[in-house]
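Working notes, structure below.
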Amino acid sequence: MNVFSWIRSNWLIIILGIVIIVLLGKETSPLVKLRSQSMENAGISLSYPSGDVAISNGKYGGVVRKVPPAESSQRMVIQDTNMSMLVKDVSESIKGIEKIAIDMSGFMVDRSLTKPEGAASGHISLRVPTEKREDALDKIRTIGVRVISENVFGNDVTDQYVDAEARIANLVKIKAKMEVILDQAVKVQDLMEVQMQINNIQEQIDGLKGQQKYLEQTAKLTRISVSLSTDELALPYAPDSAWRPMVVFKAAVRSMIGAMRSVADVIIWMVVYLPIVIIILGLALMGRFVYRKLSIR
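Residue numbers (UniProt numbering): 1 to 297.
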């Protein structure tokens with residue numbers, strides 16, 4: 001009798017507990033089943049042989065994919081450095097930078113010095129061996145009062161160099177065939193035409209070899225351009241990071257879309273669970289009403 005009295009007085013709690021257990025059971029069991037089926041269908045082997053990556057797919061049969069090691073190749077990169085510095089004496093600073101280039105087995109490309117009213121300014125460009133670029137920059141920085149800006153630009157010309165080499169090899173083969181035709185030619189006109197073709201091919205070969213040599217020398221000697229002035233406002237302005245309004249606009253749009261998706265997700269969850277909440281509230285109100293009726297009686 002006591003049990004029935006307890007059930008009658010706590011029937012609302014019992015109903016809510018049953019509803020929660022049913023909901024949790026329906027939500028969890030399909031998820032566990034789905035995960036177990038996914039693992040069985042995938043058939044992914046977690047033990048890999050050394051040196052290779054082995055993947056076994058149960059649906060399409062065994063597949064073993066070997067990942068070869070990445071090939072390392074020496075790249076040919078042309079580096080240019082632009083600096084702007086505040087100095088006390090522009091003329092002496094230019095001489096000091098030129099001496100640094102000579103000491104580093106480099107040379108001065110060009111220089112200029114202007115003395116307008118108020119503040120002097122100048123510019124110097126030099127080339128030093130690429131492997132000594134950092135040492136040269138460290139010494140140049142000590143000459144100025146303060147470095148205002150420093151930018152390094154790189155241009156990878158490896159593909160251009162390899163393409164020129166392939167074209168040279170192709171032209172050499174064509175030239176060899178033309179020389180065979182030249183040896184077999186009898187008429188003077190044929191001899192002249194073939195010789196002109198050979199000369200034209202040789203000019204192309206020489207031009208491509210000249211391009212290769214220029215790329216090699218330019219990659220070996222990095223260019224350093226320095227702007228100097230006794231007035232900081234007279235120096236070229238170079239912000240730390242470029243202002244890209246389109247990138248900012250795209251980032252703002254993506255952020256807005258993410259926020260809208262989050263709000264939409266919340267609304268969807270509320271709509272899905274709203275009927276359950278309404279049913280639970282309805283049962284609670286109904287139980288409260290019945291309980292009051294029974295208490296009055």
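Ideal Cβ positions, reconstructed from N, Cα and C, are used throughout, including at glycine.
Restricting to Cα atoms, I'd like to know which of the options is closest to residue i.
| i | options | result |
| --- | --- | --- |
| L76 | L171, T218, I100 and V180 | Contrary to the premise, residue 76 reads as Met rather than Leu in this sequence. Residue T218 is the option with its Cα nearest to M76. |
| M108 | A136, V87 and A120 | A136 |
| N199 | A119, V186 and L182 | L182 |
| G207 | Y161, A185, V180 and A176 | Y161 |
| Q204 | L171, E179 and M178 | L171 |
| Q74 | I267, D159, V145 and L285 | D159 |
| K173 | Q202, M260 and V248 | Q202 |
| G122 | I278, V87 and D138 | V87 |
| E131 | E193, M104 and V145 | M104 |
| V90 | K187, S149 and S227 | S227 |
Can you tell me whether residue i is helix, strand or coil according to DSSP?
| i | result |
| --- | --- |
| T142 | helix |
| I44 | For I44, the pLDDT reaches just 42, beneath the cut-off of 50, and the residue's location in the model is therefore unreliable, leaving the point undetermined. |
| M76 | coil |
| G51 | Low confidence applies here, because G51 scores a pLDDT of 40, under 50, leaving its location unreliable and the question unanswered by this model. |
| R244 | coil |
| T158 | helix |
| M108 | strand |
| V272 | helix |
| L235 | coil |
| T114 | strand |
| T230 | coil |
| V152 | strand |
| S56 | Here S56 scores only 38 on pLDDT, less than 50, and its place in the model should not be relied on; the value that follows carries that caveat. Strand at S56. |
| V186 | coil |
| V147 | strand |
| V263 | helix |
| V290 | helix |
| T222 | strand |
| V64 | Reliability of the predicted coordinates at V64 is poor, the pLDDT of 39 falling under 50, and no value is obtained from them. |
| V87 | coil |
Please list, in chain order, all residues of the same chain as residue i whose beta carbon is under 7 Å from its beta carbon, the five residues on each side excluded.
| i | result |
| --- | --- |
| E134 | none |
| A119 | S229, T230, D231 and A234 |
| S295 | none |
| E179 | I198 |
| K95 | none |
Residue i and residue j look like a contact to me (Cβ under 8 Å); what is the Cβ gap, rounded to whole Å?
| i | j | result |
| --- | --- | --- |
| I124 | R111 | 4 Å |
| L235 | S84 | 4 Å |
| Q79 | V152 | 6 Å |
| T114 | I224 | Contact doesn't hold; Cβ gap of about 20 Å is too wide. |
| L126 | G106 | 6 Å |
| I143 | S93 | 5 Å |
Apart from the five residues just before and just after residue i, which ones in its own chain have a Cβ nearer than 8 Å to its Cβ?
| i | result |
| --- | --- |
| Q195 | L182 |
| L281 | none |
| A166 | none |
For residue i, which residues from the same chain have a beta carbon less than 6 Å from its beta carbon, with the 5 sequence-adjacent residues on both sides left out?
| i | result |
| --- | --- |
| L191 | A185 |
| A164 | L208, Q211 and Q212 |
| E150 | M83 |
Does any residue of chain D have a CB that is nearer than 8 Å to the CB of residue i?
| i | result |
| --- | --- |
| K250 | Absent from the structure: chain D. Only one protein chain is present. |
Between the region 97–105 and the region 194–214, do at least 3 Cβ pairs fall closer than 8 Å? Short answer: they don't touch.
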